[in-house]
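Asker: Under numbering that gives the first Met the number 0, the letters of the sequence shown match residues 0 to 1094, in that order. Each residue gets a CB set at the ideal place from its N, CA and C atoms; glycine is no exception. Before I ask anything, here is the structure I am working with.
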Amino acid sequence: MNDEQARFEHVVVIGASSGGIDAISRLLESIPAEFCAPVIVAQHSDPRRPSQFVSILSRRTCLAVRALEEDMDLETGVVYVVPANRAVEFTESNVKVNPEGNGRPLPSIDRLLSDAAEVFEERLIAVVLTGNGSDGTSGAFQVKSRGGTVIIQDPQTAEYPEMPRSLAPTTVDFVRDLKEIGPLLDALTDPQAVCIPDSTDEGADLFDFLQHLQIQCNVDFNQYKTPTIKRRLRRRLVATRCDDLTQYRKYLAQTPDEYFHLVNSFLIKVTHFFRDSEVYDYLQSVVLPAIIQESRERGHRDQGYQLRIWSAGCSTGEEAYSLAILVAEALGEELYQFNIRIFATDINPESIEFARRGIYPHASVSGMPGELRSKYFSCDDGDFEISKLIRSMVVFGHHDLAQRSPFPNIDLVLSRNVLIYFTPELQRRAMSLFAYSLRENGYLALGKAETTSPLGEHFSTDNQRLKIYRRNLTEVPIPPGLSQTALLSSRSPSRISTWNRPQISGVDAKLQETGSTRGLPDRTENLLYHMPVGIVVIDRNYDIRAINNLARRFLGVHGAAVGDDLLHVIRTITLDALRDAIDEAFRWSEPVTVAGEHRVETIEGEHLYIEITCQRRDLELKGQPSHTVIVVLTDVTEVTVERHKVAEARDQAIEENQQLNNRLGQLLRSNQQLVGANEELTRVNEDLRINNEDLLVSSEEAQSSAEEIETLNEEMQTTNEELETLNEELQATVEELNAANEEMQARATEMQQQRLASDVERAKLEAILVSMDDAVVVMDEDGRTLLVNDAFKQMFGDDLSCITPETETGSPMPDSKSPRAAALRGESFTLPFTVSGPDGSRRWFEANGGPIDNAGSVTVIREITDRSLRRLQEEFMSIASHELRTPLTALQGYLNMLQKHISSDSERSRRFVSVALTMVDRLTRMTSELLDVSRLQSGKFALSLEPIQLDELIRQTVELVQSTTPDREIHVELPDAALQAQVDPMRIQQVFFNLLLNAASYSDAEEKIHIRLMSEGDHAVVQVQDHGMGIPEETRAEIFNRFYQGERGSGGTNRGLGLGLYISREIVIAHQGEISVESTPGEGTTFSVRVPLVA
């Protein structure tokens, strides 16, 4: 079966970790026997423990279950279980497992999904179930990017939700409870589940449908491959439970939000950092420097320069964080001089929640420069977490461009590939929001298929190709509300809950309607709108659940604002203090007052002072208890103005009192000069007394006001100190938690390193045991065999009980003295023994054993047959060489005497005696050789060194050899000058003699033998050359071994013991010399002997 024949319509890969066995079993229970796709299952497990996973699944499902082996063909309706510690390779028709062994939980679901996605692409269905960690995140990203389908178990019902929750919402196609995933897989893979024909007579053909989709969404999908369109369209029909295109078109008409899911499934929107690098390069080189310079020109360094950016439709946050990184890189060390706010909004709350985490898989950050990744991310187990610096610059929030208010005073707006899903009316609404939000000359970045044409009069083109625009100096009115019918069919799932909300003209009517939909009781609403103070009710996400007109007036909120993020719509007061007060109110039940005077400017331009108090209240919204905070805004303008007036009056009274004191002094001095005007002076004095009393009263009032203000300041100081104490306690707690976390991470790292070291040592031990020629057996304390290596099995079998040991004499060894008995006693021992084979041959062994820390014993058995035979041989040579010398000497003497007494006419007798003497000489030489070998091995070989003329010694040796082989011609070459060496003449002559005899024995009788003497430096060199058969290259290394005998030539005499060359080499080495051989087969052999010359 080739790959084309085995091409499957769908392939399912299921991955899980903690709690996965039960989850996978329950999932497979709900899959029918006629399932139309192969299923590959991967579950994290410990490779050191035997797995029963296959047998468990076999009992729980009607599908065939097989454990993946080396190479297996895929079949539909079969479940393949990936074994632990294995990686999987896919082809179109089969799977292959390979060892991986990297110390991490295996099989790796990330790698499994990535490899499968490369082969099966959009035909792959990936399922991620319960588990800890984030394995599967990067793999699912690859599946989605190649057009495959991704299904996750609902984290709310998963036993361990971390794995399914780690996937970005934009990666996931279906979120289902465990019991719903099996039927969903069956519907996605069953070709009969939904009907998508190329054309039908009922008017629901695929071409007409794509034309309809192009009209609705202004996107042409007619150029896409038909199988791709049908496969992705099938997902939406299954998800909406429609049987065919006719039902689906009706569903689209009734639920326009489905257009958004449909278009997204065709386009495969998978985002990552710095997507479309050309746009980011332009932002970095042109746009950011411009808005930074404008921020410096309009701001003050002491107060912090303001830089505000809005990422509208931020999805899972990659675009917003990419902008923050660009800003940080552009500002460098000046970053802390700027107050930076990047508002990142999206209509999908799940995407916002994922973005707030700031943790992304490797696939999302792989496209960004490595230096930025290492600078602004920390890597933990394959996941990348954004740094706190970048995270602090971005404010994420849920925001609907069709309903929510814009952000004011924005320098740069990015809304890329968002407007293409909107109707013209909604596009115009969005463009009016962007125009209203942007400062004059602010920048707007759109997607490649988007323009500012719906509201082009407010924008000018900055870069047409990259779709970068600038806000004109024209005045932009407050964006009007948008009728609900203008919302496009292609909206995200979170928009569905607000789809049928009617639009009521007027702010109060809008508030009243949205308030009731939020679940506030009617009496509470009525009371809220008639309160003499501003009231805002918010939930834990800062979203406004209710707000009255007075609060809108105080905070500068335009429109209904219900459902908006309070911190995003406020225009008149500082956000940080209000946010801290709201957070503290959620933590405690006591009211929290925002410290300081809050001067606001209303829409009418009136300046007011307000007091802000936050109080936690648990309300029942939509029949469910909900934690909310009520923000009370009290107009304290009159009190504050009066307080300011009192302060001014006090200062004025003090000044006037000083002036009056000066005047009183003048009057006293004038009293002596105006004695005559006493009446006038008395009247003036009375006036002064009255004025003085008035001043005293004013002074008392001013003093009272000052004391009240001082008391208020002390209370505020006390509150501030309490807040500082609380902050210090929280900081200490955080530091303790950080320290504990670091300690746990250090311990985990240490344990991981120990485990890796243990695995390495185990691998080394296994490699050593496999490579050993000696037999190794490990037993426990009870004598059970734990481990044997291959050498042991080849020699004996499975354990020590298979051995029948014998003594060196061949008798059976007692059980109490056997190697097994010694190992069981836990002794350290060395024990030689023999084993007889079936053919009667005997082999010698030596067992060495020892205990293992009270946990058993290890025994190593080495075969010493060669060593034992060699020892016996050496003993025989020693005995033979000594025992044969005496009878041979006597025999030679008797033969000599017999030769003398034989008469001259008995020629035959003389010939017999001569042959006998020759044989005796030969035996004597053999005995001498055996004796020499024995002396060499026992270390008793001694030399009698003396200065010797080597040329004379060579002549004597040649004469001696020719006396024994008179028919051989020996050619002698000697130097002109005599060469003298410090040698043992008898032993060196023995070497020359042996070499000449060998040359005669291994060459033909008619061939010459050459012996030459020469000098090389401080050494004499003697060469013996024959022209015989030569020595084969493969046997040259053996000729100096004991008892080696080669093939003789025609000139060879009786064979010796094969000891001559061995003895010769040892004699030369004892003289600090060297002996070597050169030979060419068929041409002859040359032996060279080098000995030191006398200095």
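Compare the Cα-Cα distances from residue 807 to each of 845, 790 and 362 and report the closest residue.
Answerer: Taking the sequence shown and counting its residues from 1, the one referred to as residue 807 is at position 808. Here the closest residue by C-alpha is 845.
Asker: What's the gap between the Cα of residue 967 and the Cα of residue 1089?
Answerer: By one-based count along the sequence shown, residue 967 stands at place 968. By one-based count along the sequence shown, residue 1089 stands at place 1090. Distance between the alpha carbons of residue 967 and residue 1089: 25 angstroms.
Asker: Can you tell me whether residue 846 sits near the ligand PLP, meaning its C-beta is under 8 angstroms from at least one heavy atom of the ligand?
Answerer: Looking for the ligand PLP in the displayed structure turns up nothing, as the structure carries no ligands at all.
Asker: Where does residue 178 sit, in a helix, a strand or coil, going by DSSP?
Answerer: To locate residue 178, count along the sequence shown from 1; it is residue 179. Here residue 178 sits in helix by DSSP.
Asker: Under a three-way DSSP split, which group does residue 375 fall into?
Answerer: Numbered from its first residue, the sequence shown carries residue 375 at position 376. Note: residue 375 maps to helix in three-state DSSP.
Asker: Answer with yes or no whether the minimum CB distance from residue 566 to chain B is below 9 angstroms.
Answerer: In the structure shown, chain B does not exist; there is a single protein chain.
Asker: Within 10 Å of its beta-carbon, does residue 517 have 16 or more other beta-carbons around it, so buried, or fewer, so exposed?
Answerer: By one-based count along the sequence shown, residue 517 stands at place 518. With a pLDDT of only 43 at residue 517, under the threshold of 50, the placement of this residue in the model should not be trusted, and no figure is reported.
Asker: If you reduce the DSSP assignment to three classes, tell me which class residue 331 lands in.
Answerer: Here residue 331 refers to the residue found at position 332 when the sequence shown is read from its first residue. Note: residue 331 maps to helix in three-state DSSP.
Asker: What's the gap between the Cα of residue 371 and the Cα of residue 746?
Answerer: As a first step, residue 371 is located in the sequence shown; it is residue number 372 there, counting from the start. As a first step, residue 746 is located in the sequence shown; it is residue number 747 there, counting from the start. Their backbone Cα atoms lie some 30 angstroms apart in a straight line.
Asker: Could you spell out where the alpha helix (DSSP H) holding residue 960 opens and where it closes?
Answerer: The residue given as residue 960 occupies position 961 in the sequence shown. It spans 949-963 - the alpha helix (DSSP H) in which residue 960 sits, taken as one unbroken run.
Asker: Taking residue 324 as the reference, which of 279, 347 and 361 has the closest Cα?
Answerer: Residue numbering aside, residue 324 sits at position 325 when the sequence shown is read from its first letter. Comparing Cα-Cα distances from residue 324 to each of 279, 347 and 361, the minimum goes to 279.
Asker: For residue 463, does the three-state DSSP call read helix, strand or coil?
Answerer: Counting from 1 along the sequence shown, the entry for residue 463 is found at position 464. It is coil, neither helix nor strand.
Asker: Could you name the residues of the same chain whose beta carbon sits closer than 7 angstroms to that of residue 114, not counting the 5 residues immediately before and after it, in chain order?
Answerer: For the purposes of this step, residue 114 is identified with residue 115 of the sequence shown, where counting begins at 1. Only 87, 88 and 89 meet the Cβ criterion.
Asker: Under the rule that 16 or more other beta-carbon atoms within 10 Å means buried, what is residue 853, buried or exposed?
Answerer: To locate residue 853, count along the sequence shown from 1; it is residue 854. Under this definition residue 853 is an exposed residue.
Asker: Do you know offhand how far residue 1029's Cα is from residue 1001's?
Answerer: Residue numbering aside, residue 1029 sits at position 1030 when the sequence shown is read from its first letter. Residue numbering aside, residue 1001 sits at position 1002 when the sequence shown is read from its first letter. Those two C-alpha atoms are separated by around 8 angstroms.
Asker: Taking C-alpha atoms, which residue in 972, 36, 975 and 984 lies nearest to residue 947?
Answerer: One-based indexing of the sequence shown puts residue 947 at position 948. Looking at the Cα atoms, 984 is the closest of the given residues.
Asker: With a cut-off of 8 angstroms on the beta carbons, I'd call residue 856 and residue 825 a contact; round off their distance for me.
Answerer: For the purposes of this step, residue 856 is taken as residue 857 along the sequence shown, with counting starting at 1. For the purposes of this step, residue 825 is taken as residue 826 along the sequence shown, with counting starting at 1. Indeed they touch by this definition, with Cβ atoms about 6 angstroms apart.
Asker: Taking the Cβ atom as the reference point for each residue, do residue 595 and residue 571 lie within a distance shorter than 9 angstroms?
Answerer: In the sequence shown, residue 595 corresponds to position 596, counting from 1. In the sequence shown, residue 571 corresponds to position 572, counting from 1. Contact flag unset, no.
Asker: At the level of alpha carbons, what is the spacing between residue 365 and residue 123?
Answerer: The residue given as residue 365 occupies position 366 in the sequence shown. The residue given as residue 123 occupies position 124 in the sequence shown. One C-alpha to the other measures close to 23 angstroms.
Asker: Does the segment 170-177 come close enough to the segment 139-148 to have 3 or more Cβ pairs within less than 8 angstroms?
Answerer: Cβ pair count under 8 angstroms is three or more, so yes.
Asker: Just list the residues that DSSP pairs residue 945 with in beta bridges.
Answerer: On the sequence shown, position 946 is the one that residue 945 refers to. Paired residues: 982.
Asker: Would you tell me roughly how many angstroms separate the C-alpha atoms of residue 894 and residue 909, rounded to the nearest one?
Answerer: Residue mapping note: residue 894 aligns to position 895 of the sequence shown, counting from 1. Residue mapping note: residue 909 aligns to position 910 of the sequence shown, counting from 1. Going by the C-alpha atoms only, they are around 10 angstroms apart.
Asker: Below 7 angstroms CB to CB, which residues in the same chain sit around residue 408 once its five sequence neighbours on both sides are set aside?
Answerer: Counted from its first residue, the sequence shown places residue 408 at position 409. Excluding residues within five positions, the ones whose Cβ falls inside 7 angstroms are 307 and 438.
Asker: Whole angstroms are fine: how far does the CA of residue 900 sit from the CA of residue 1011?
Answerer: Looking up residue 1011 in the sequence shown gives position 1012. Looking up residue 900 in the sequence shown gives position 901. Between residue 1011 and residue 900, the C-alpha separation is close to 43 angstroms.
Asker: According to DSSP, which residues form a beta bridge with residue 388?
Answerer: Residue mapping note: residue 388 aligns to position 389 of the sequence shown, counting from 1. Per DSSP, none; premise fails for residue 388.
Asker: Taking C-beta to C-beta, are residue 64 and residue 80 nearer than 9 angstroms?
Answerer: Start at 1 with the first residue of the sequence shown, and residue 64 comes out as number 65. Start at 1 with the first residue of the sequence shown, and residue 80 comes out as number 81. Result yes, Cβ atoms of residue 64 and residue 80 sit closer than 9 angstroms.
Asker: Does residue 344 pass the burial test, meaning 16 or more other C-beta atoms within 10 Å, or should it be called exposed?
Answerer: As a position in the sequence shown, residue 344 is number 345, starting the count at 1. Under this definition residue 344 is a buried residue.
Asker: With a CB to CB cut of under 8 angstroms and the five nearest residues on each side skipped, what residues in its chain are close to residue 1093?
Answerer: Within the sequence shown, the letter at position 1094 stands for residue 1093. Cβ neighbours of residue 1093 beyond the five flanking positions: 946, 979, 980 and 981.
Asker: Between which two residues does the beta strand (DSSP E) holding residue 411 run?
Answerer: As a working note, residue 411 is residue 412 in the sequence shown. First-last of the beta strand (DSSP E) with residue 411: 409-414.
Asker: From the DSSP output, in three-state form, read off residue 738 for me.
Answerer: Mapped onto the sequence shown, residue 738 falls at position 739. In the structure shown, residue 738 sits in a helix (DSSP, three-state: H, G or I).
Asker: Just the Cα atoms here: how many angstroms apart are residue 715 and residue 338?
Answerer: Counted from its first residue, the sequence shown places residue 715 at position 716. Counted from its first residue, the sequence shown places residue 338 at position 339. Cα to Cα, residue 715 sits roughly 27 angstroms from residue 338.
Asker: Quick one: what's residue 93 bridged to in DSSP?
Answerer: Residue numbering aside, residue 93 sits at position 94 when the sequence shown is read from its first letter. Answer by DSSP bridge pairing, in chain order: 72.
Asker: Taking the Cβ atom as the reference point for each residue, do residue 272 and residue 320 lie within a distance shorter than 9 angstroms?
Answerer: Counting from one through the sequence shown, the residue named residue 272 turns up at place 273. Counting from one through the sequence shown, the residue named residue 320 turns up at place 321. A contact, by the Cβ cut-off of 9 angstroms.
Asker: Taking just the CA atoms, how far does residue 682 sit from residue 669?
Answerer: In the sequence shown, the residue the question calls residue 669 occupies position 670. In the sequence shown, the residue the question calls residue 682 occupies position 683. Rounded to whole angstroms, residue 669 to residue 682 spans 15 angstroms at the Cα level.
Asker: Can you grab the Cα-Cα spacing for the pair residue 1096 / residue 564, in whole Å?
Answerer: The question about residue 1096 has no answer here: the residues shown for the chain are numbered 0 through 1094.
Asker: Just list the residues that DSSP pairs residue 634 with in beta bridges.
Answerer: Locating residue 634 in the sequence shown gives position 635, where the first residue counts as 1. Note: residue 634 sits in a beta bridge opposite 609.
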